[in-house]
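Position 163 of the sequence shown, counting from 1, maps to 163 under full-length UniProt numbering, and the rest follow consecutively.
Using N, Cα and C, we set each Cβ at its ideal position, and we do this for glycine too.
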Amino acid sequence: MPLADIQARITKEETRLGRAPGSTKLIAVSKVQPLDRVIAVLEEGHRIFGENKVQEAVGKWPDLKAQFDGVELHLIGPLQTNKTRQAMGLFDVIHSVDRPKLAKAIARIANEEGHCPRLMIQVNTGEEEQKAGVLPADADAFIAECRALSLPIEGLMCIPPADEEPSLHFALLAKIAKRNNLPELSMGMSSDFERAIGQGATYVRVGSAIFGARDYG
Ligand SMILES: *Cc1c(COP(=O)(O)O)cnc(C)c1O
Numbered sequence: 001m002p003l004a005d006i007q008a009r010i011t012k013e014e015t016r017l018g019r020a021p022g023s024t025k026l027i028a029v030s031k032v033q034p035l036d037r038v039i040a041v042l043e044e045g046h047r048i049f050g051e052n053k054v055q056e057a058v059g060k061w062p063d064l065k066a067q068f069d070g071v072e073l074h075l076i077g078p079l080q081t082n083k084t085r086q087a088m089g090l091f092d093v094i095h096s097v098d099r100p101k102l103a104k105a106i107a108r109i110a111n112e113e114g115h116c117p118r119l120m121i122q123v124n125t126g127e128e129e130q131k132a133g134v135l136p137a138d139a140d141a142f143i144a145e146c147r148a149l150s151l152p153i154e155g156l157m158c159i160p161p162a163d164e165e166p167s168l169h170f171a172l173l174a175k176i177a178k179r180n181n182l183p184e185l186s187m188g189m190s191s192d193f194e195r196a197i198g199q200g201a202t203y204v205r206v207g208s209a210i211f212g213a214r215d216y217g
């Protein structure tokens, strides 16, 4: 489905809910996609993109950022501590701050470099063992810890369990954000972004619905 159709579906949902048009930003998730598809979306004028691996992003985005003005790049996958400096040099927003060790590494490097990307904290709303993110019960304390480190935390991100109704997870994330005065909510993917907007998403992360299925082969 072309980019314009996804954008139209977002606007329609915003209008239906009485939300301001444009209050939900679309992150085009370009991981694993062939470069020509990514360039086609850039040439359509889209500028907000997401990648889930630092290494993959480092391989393509410095060139694309040089070719296209105004790109805003989001890291939406887990961040290993030893890749923090590299990630902070390339990404404009990091959605996956999820542990004290990483928060401290970001704070230290931000001090050294005099620059810090905008940050979001990932919450493991489904409390799934294999998934990254701080547990809901630990979220308030972790947000406070990040604020004590002067990190520019803007919001929260979640990836609901595949086999559960995502709206319950989106609502939980929105509740944690609200009580901590965090304005941004990164939630919703190709299959559920309209439901995420219904729960207050300010960023939706849409990959396959824009670019087509990913070929991991
Ligand atoms: C891949 C990915 C997406 C996009 O998934 P689609 O189902 O292709 O829209 C969104 N968020 C995260 C964290 C991802 O890794």
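- In this structure, the alpha-carbon of F193 lies about 23 angstroms from that of D98.
- Bridge pairing for H74: G50 and V93 [DSSP].
- L156 is not a Cβ neighbour of L135, given a cutoff of 9 angstroms.
- Per the CB criterion, closer than 5 angstroms to any heavy atom of ligand 1, the qualifying residues run in chain order as V29, N52, I76, M189, S190, R205, V206, G207 and S208.
- By the criterion of a C-beta distance shorter than 8 angstroms, E164 is surrounded in its chain by G126, once the five residues flanking it on both sides are discounted.
- According to the DSSP assignment, L26 belongs to the beta strand (DSSP E) that extends over K25 to V29.
- The C-beta of Q130 has fewer than 16 other C-beta atoms within 10 Å across all chains shown, which makes the residue exposed.
- Boundaries of the beta strand (DSSP E) harbouring R205: Y203 to V206, taken from the DSSP string.
- The Cβ atoms of L75 and V54 lie closer than 9 angstroms to each other.
- With a 10 Å radius around the Cβ and a threshold of 16 neighbouring Cβ atoms, L79 comes out buried.
- In this structure, DSSP gives S167 a helical state, which the three-state scheme calls helix.
- Counting along the chain, L17 sits inside the alpha helix (DSSP H) bounded by residues L3 to L17.
- Shown here, L149 sits in coil according to DSSP, grouped into three states, outside any helix or strand.
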